[in-house]
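Undergrad:
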Amino acid sequence: MTTLVLTLAGAVLIGVTLGLLGGGGSILAVPLLVYVADLPAKEAIATSLLVVGVTSAVGVLPHAWANRVRWRTGLIFGVAGMTGAYAGGRLAEFVPAGVLLTGFALMMLATAVAMLRGRRSAEGRPVPHELPMLRVVGDGVVVGLVTGLVGAGGGFLVVPALALLGGLPMPIAVGTSLVVIAMKSFAGLAGYLSSVQIHWGLAAGVTAAAVVGSLLGGRLAGRIPADLLRRGFGWFVVVMGVFVLAQQLPPVWGLAVGALAVAGTVTMAVWGRRRREHSGQQRLGQPVRRHARTGVER
239 MTTLVLTLAG
249 AVLIGVTLGL
259 LGGGGSILAV
269 PLLVYVADLP
279 AKEAIATSLL
289 VVGVTSAVGV
299 LPHAWANRVR
309 WRTGLIFGVA
319 GMTGAYAGGR
329 LAEFVPAGVL
339 LTGFALMMLA
349 TAVAMLRGRR
359 SAEGRPVPHE
369 LPMLRVVGDG
379 VVVGLVTGLV
389 GAGGGFLVVP
399 ALALLGGLPM
409 PIAVGTSLVV
419 IAMKSFAGLA
429 GYLSSVQIHW
439 GLAAGVTAAA
449 VVGSLLGGRL
459 AGRIPADLLR
469 RGFGWFVVVM
479 GVFVLAQQLP
489 PVWGLAVGAL
499 AVAGTVTMAV
509 WGRRRREHSG
519 QQRLGQPVRR
529 HARTGVER
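Using the working numbering, read the sequence shown as starting at 239 and increasing by one per residue.
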């Protein structure tokens with residue numbers, strides 16, 4: 239009973255994350271289902287694809303009503319992503335569970351780096367009505383393949399791709415990403431169902447709780463500073479990623495790799511932020527200030 243309550247509470251948090259950030263559901267769903275609900279790795283990934291797919295489909299509705307969805311871009315990206323996701327789901331049958339979880343942990347750390355670095359501003363750049371088809375298709379297939387294999391990489395790969403690829407404003411990138419995430423998740427699930435059985439009762443309960451959480455997250459969006467939310471969640475993902483990675487290795491190696499992963503994540507996040515600030519100063523025509531003794535940019 240306690241396990242079920244914790245699982246459903248975690249599912250609400252998954253939904254809140256999707257509602258607030260337009261992604262991150264699978265980053266929480268797989269560890270929740272593996273370490274709390276005690277599901278086998280492949281069943282947990284398949285179930286997470288169902289949960290995130292349904293929650294994203296519901297979450298896109300308010301964005302659609304507010305005209306924050308680029309339908310042509312989203313559908314093209316989504317169809318390309320479905321192709322990659324289905325292929326990834328079928329390939330997962332031949333990949334050991336430990337390898338999938340290791341790949342998932344590495345994806346979590348990459349996601350954390352992206353979140354802690356933040357996104358480049360799109361201010362001053364023209365905003366296209368729709369993005370170039372070939373680039374959308376290429377990105378969609380690659381992102382979909384990753385999603386289908388490890389059940390992760392949905393929103394936090396799609397949102398930056400849409401925002402940076404063609405300069406879509408963040409609200410529109412988030413709304414469009416939910417369309418893509420739903421399509422890719424269902425395709426990846428279809429790939430998994432050829433070799434994995436899902437506990438449908440548990441999946442339905444977790445999905446319902448996540449949908450409630452997404453509605454709550456949608457109401458909270460805008461009340462919490464976006465930068466604070468992004469950084470806090472980024473560090474949480476670092477901790478979870480290191481935990482999952484350490485579980486796949488012997489204790490001594492797990493501690494060593496975990497320490498290296500944290501150090502590498504911090505270094506890349508700080509370096510990326512400083513580089514972006516330096517570029518911003520140059521674009522604004524401001525001199526880059528340096529420390530008087532060390533010459534380090536600040």
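Cβ coordinates follow ideal geometry from the N, Cα and C atoms, glycine included.
Remember, it's a predicted structure, so these values are computed and weren't measured experimentally.
Hey, A447 and L246 are a contact pair by Cβ (cut 8 Å); roughly how many whole angstroms apart?
TA: Rounded, the Cβ-Cβ distance is 5 Å, consistent with contact.
Undergrad: Among A282, T240, A284, V289, which has the Cα closest to the Cα of A249?
TA: Considering only alpha carbons, the answer is V289.
Undergrad: Out of curiosity, what's the CA-to-CA distance linking G253 and V480?
TA: Roughly 23 Å between the two C-alpha positions.
Undergrad: Under 8 Å: do the segment 471-480 and the segment 337-356 share three or more Cβ pairs, one atom per stretch?
TA: At 8 Å Cβ cutoff, the stretches touch.
Undergrad: Return the chain-ordered list of same chain residues with a C-beta closer than 6 Å to the C-beta of A323, the five sequence neighbours on each side being excluded.
TA: These residues qualify, in order along the chain: G382, T385, G386, K422, A425, G426.
Undergrad: Let me confirm a value: Q435 is counted as buried when at least 16 other C-beta atoms fall within 10 Å, else exposed. Which label applies?
TA: Q435 comes out exposed.
Undergrad: With a cut-off of 8 Å, do at least 3 Cβ pairs link the segment 334-345 to the segment 304-314?
TA: At 8 Å Cβ cutoff, the stretches do not touch.
Undergrad: Would you mind giving the Cβ-Cβ distance between A318 and V379, rounded to the nearest angstrom? I have them listed as a contact below 8 Å.
TA: That belief holds up - the Cβ atoms of A318 and V379 are roughly 5 Å apart, short of 8 Å.
Undergrad: I'd like the list of long-range same chain contacts for G316, defined as Cβ closer than 8 Å, with 5 residues on each side in sequence excluded.
TA: Within the same chain, G316 has close Cβ partners G378, V417, V418, A420, M421, K422.
Undergrad: What is the rounded straight-line gap between the Cα of G336 and the Cα of L277?
TA: Cα-Cα distance, rounded: 14 Å.
Undergrad: Taking the alpha-carbon positions, what's the S286 to L483 distance?
TA: S286 and L483: Cα-Cα distance of roughly 19 Å.
Undergrad: Between the Cα of P269 and those of L299, M346, P334, spot the shortest distance and give me the residue it belongs to.
TA: For the residues L299, M346, P334, the minimum Cα distance to P269 belongs to M346.
Undergrad: Using the C-alpha atoms, what's the distance from P463 back to I265?
TA: Cα to Cα, the separation comes out at about 21 Å.
Undergrad: Just to confirm, are L338 and V388 a CB contact at a threshold of 7 Å?
TA: Cβ atoms of L338 and V388: closer than 7 Å.
Undergrad: Looking only at its chain, what residues have a beta carbon closer than 7 Å to the beta carbon of L329, apart from the 5 residues adjacent to it on each side?
TA: So the list reads L387, once near-sequence residues are dropped.
Undergrad: How is D276 classed by DSSP in three states: helix, strand or coil?
TA: In this structure, D276 counts as coil in the three-state DSSP scheme.
Undergrad: Are the CB atoms of G455 and G257 nearer to each other than 7 Å?
TA: Yes, these two residues count as a Cβ contact at 7 Å.
Undergrad: Taking 7 Å as the threshold (C-beta atoms), are G291 and Y430 in contact?
TA: No, these two residues do not count as a Cβ contact at 7 Å.
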